[in-house]
């Protein structure tokens, strides 16, 4: 059993979750309970030194949330590591138990420089809601982290008390996240990547038009090339996709996003979960990519 | 909803539990309910008003978790079962099953089902169970058996529902993509299924044959793209490819035009470019 509980929730947490979901028709109670379990898992990994910033950082949807993105992933958690982790050490580090919740890492799968624990089972003892006993997954990519980590408050964004203490977590540098998202968009073409690119572009604008600074342009384009090279090294399939990316094709995929997702229905852009607020307006998303990302990469 | 139970409410719930009933059905439970109240319909309606039962519609009421009148405390799938099973064959499939089998990292607050019966309420999209809109397609094919990948999911002694297994769920996406989320979502799920060994290529071919030659050809092409083309060629008889008609890869996608690539072996017109499908399949590897 852990010495200091991670959660500090109120007795009526279930009512609070139910009320929270009622105000957000796209969200379900199961998603919120699972999200809380994933947050506990991350806090535990920070506390026990696994998510230390020096070697391992949070990336993906949870890192984006720490940058105030409203988008949430509902099942997978992503981390990135500079070195290949010891899976058994990692398994012990993930597992956690206190009075409120028990988390246990299950089998792991090896991918290309990627380890995924799937499922990680949890028993959210604090809740009687459906989904109180369920599972999620956690991946550790060891394809490299290029920039120093950024420590950010773990922004769970729930309006009710949740964590016993405020905590900062190490996330991948936002410029490096942007480089990863752009590469993922080019190579795989999922709407979530495009939305995240636009979100990070908006953040650059808010930070005094960082996108116009020459050194930022140089850094982002340099990071993109490094990420492409890493992908090329991972597998022959990825190498051929990287090699097929001409400069004009890279530009086209950002300029004509529908053509790169669902050319007919654009359903991909409308199937993402949002924890806070509503889905971003597609016009705004496109405008950010056109006005910030394209000049950043191609001018 | 706050819950208040009268003595008679408790008698109804205990009576249902003795009979291993998770959902009360007015037409089936009236006899013993009449021993407690002369008008069972009124009794159940009033109980639902007090949060002692959850109204599912069509004379069906689910028994909530004690102390919690909200449907949120109770698994919604058995309530769906209680609402649909009496009408005929059904199973939870498509996007809902993709999410349940963790083949996607997305979630939607609706339920997607295949039904083997007609229902105006279902067809109109007006049916809601436990706060979830139910989206459905109807089939007259006999494709609801365990041999074709439909499993019983038991949550407790009295709670169950029907669901497609991972392989059948993936094959169904090629049959009715309109219920399976965005194309990128279910194509990515195929890659994920292969990667996590949730997809059984041999079984996929068997299920696909039961769903018709168009689904069989799409399944053959998907398996080809995933490196299991040999299995598909061995399992899917050549007659599925003999039709003069060309099948569209994405059933609800763009209409065929000459410029679209045609897979010469499976005779499938790629109305989403092959490169894009390959990218989605590769994601996460």
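Residue numbers (our numbering), protein chains in the order written: chain A, 5 to 303; chain B, 4 to 288.
Ideal Cβ placement from N, Cα and C applies to all residues, glycine included.
Fully contained in the segment 197 to 255 of chain A are the following alpha helix (DSSP H) runs of length 4 or more, in chain order: 218 to 238, 240 to 247.
If you look at residue 82 of chain A, you'll find it in the beta strand (DSSP E) that goes 80 to 85. Look at the segment 156 to 182 of chain B and you find these whole runs of alpha helix (DSSP H), each 4 residues long or longer: 169 to 178. Excluding five sequence positions before and after residue 51 of chain B, the CB atoms of its chain that fall closer than 8 Å to its own CB belong to 57, 58, 64, given in chain order. Taking 8 Å as the upper bound for CB-CB distance, residue 234 of chain A and residue 148 of chain A are in contact here, some 6 Å apart. Two segments are said to touch when three or more pairs of C-beta atoms, one from each, lie closer than 8 Å; by this definition the segment 194 to 204 of chain B does not touch the segment 116 to 128 of chain B. Identification of chain B residues near residue 79 of chain A by a Cβ-Cβ cut-off of 9 Å yields 102, 105, 107, 108, 109, 110, ordered along the chain. In the DSSP assignment, the residues bridged to residue 60 of chain A are A:85.
C-alpha of residue 245 of chain B to C-alpha of residue 124 of chain B: approximately 39 Å in a straight line.
Closer than 8 Å to the CB of residue 194 of chain A there is at least one CB belonging to chain B.
Contact between the segment 134 to 149 of chain A and the segment 87 to 97 of chain A is present, with at least three C-beta pairs closer than 8 Å.
In the structure shown, residue 51 of chain A falls within a helical segment according to DSSP collapsed to helix, strand and coil. Straight across, the Cα-Cα distance linking residue 159 of chain B with residue 79 of chain B is about 13 Å. Listed in chain order, the positions of the segment 40 to 69 of chain B with a beta carbon within less than 8 Å of a beta carbon of chain A are 68. Against chain A, the CB of residue 73 of chain B has a partner CB under 8 Å away; the residue lies at that interface. Close partners of residue 282 of chain B in chain A (Cβ separation under 8 Å): 191, 192, 193, 245. For residue 214 of chain B, the closest of B:176, B:46, B:23, B:49 by C-alpha to C-alpha distance is B:176.
By the Cβ-count criterion, residue 284 of chain A is buried, with 16 or more other Cβ atoms from all chains shown falling within 10 Å of its own Cβ. Between the alpha carbons of residue 121 of chain A and residue 107 of chain B lies a distance of about 15 Å. With fewer than 16 other Cβ atoms inside 10 Å of its own Cβ, residue 17 of chain B counts as exposed. Runs of the alpha helix (DSSP H) spanning 4 or more residues and lying entirely within the segment 41 to 75 of chain B occur at 43 to 52, in chain order. In this structure, DSSP gives residue 146 of chain A a state outside helix and strand, which the three-state scheme calls coil. At least 8 Å separates the CB of residue 269 of chain B from every CB of chain A. Taking all protein chains shown into account, residue 169 of chain B has 16 or more neighbouring C-beta atoms within 10 Å of its C-beta and is therefore buried.
By the C-beta criterion, the segment 120 to 137 of chain A is judged to be in contact with the segment 17 to 35 of chain A, since at least 3 inter-stretch pairs fall below 8 Å. Taken residue by residue, none of the segment 162 to 178 of chain B has a beta-carbon sitting less than 7 Å from a beta-carbon on chain A.
When 9 Å is used as the limit between beta carbons, residue 29 of chain A is near these residues of chain B: 112, in chain order. Per DSSP, the continuous beta strand (DSSP E) segment holding residue 114 of chain A begins and ends at 112 to 115.
Between residue 292 of chain A and residue 202 of chain A, the C-beta gap is smaller than 8 Å, which places the two residues in contact. Beta bridge pairing from DSSP links residue 100 of chain A with A:107. Residue 136 of chain B has B:113, B:131 as its beta-bridge partners, per DSSP. By the criterion of at least three beta-carbon pairs nearer than 8 Å, the segment 288 to 303 of chain A is not in contact with the segment 137 to 145 of chain B.
Within chain B, no residue has its beta carbon less than 7 Å from that of residue 20 of chain A; the closest one is some 12 Å off. Here residue 86 of chain B is near residue 61 of chain B, since their CB atoms are less than 8 Å apart. In the three-state scheme derived from DSSP, where H, G and I count as helix and E and B as strand, residue 130 of chain A is classed as coil.
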